[in-house]
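As structure tokens, the structure follows; a few thoughts come after it.
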Amino acid sequence: MTGPQDEFDAVVMPLLNVDEEEARELRNAIMNLNYEELYLPLWRRHEEFMRTTKRTYIILIVLLSIVTALDLIRLFRWW
Numbered sequence: 029m030t031g032p033q034d035e036f037d038a039v040v041m042p043l044l045n046v047d048e049e050e051a052r053e054l055r056n057a058i059m060n061l062n063y064e065e066l067y068l069p070l071w072r073r074h075e076e077f078m079r080t081t082k083r084t085y086i087i088l089i090v091l092l093s094i095v096t097a098l099d100l101i102r103l104f105r106w107w
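If you're matching positions, the sequence shown starts at 29 in this note's numbering and goes up one per residue.
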């Protein structure tokens, strides 16, 4: 059973004529670039979305509480 690293080495090493150490460095550079360019921006957007969503839910709950309180006040004034 071969893993992604073995498959990467099997393709890159003969293609670029590099040894195992250089292939590992290339793989690490690609993984770091992948992490910095793809994963981090997505994670930041996700965090921003969660903050906005949480804030929106808190605002909705506060507004609903105010409306409910006003309705109860109106109801008891009517009695």
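Built from N, CA and C at the ideal position, the CB exists for glycine as well. All values derive from a computational prediction rather than experimental measurement.
Within the region 37-79, the runs of alpha helix (DSSP H) at least 4 residues long that lie entirely inside it are, in chain order, 48-62.
Spanning the alpha carbons of Ile-94 and Thr-81 requires a straight line of approximately 20 Å. Annotation: Arg-52 to Asp-37 spans about 8 Å, alpha carbon to alpha carbon. Non-local beta-carbon contacts of Val-46 in its own chain, meaning distances under 8 Å to residues more than five positions away in sequence, involve Val-40 and Leu-54 in chain order. Taken atom to atom, the span from the alpha-carbon of Arg-102 to that of Leu-92 is near 15 Å.
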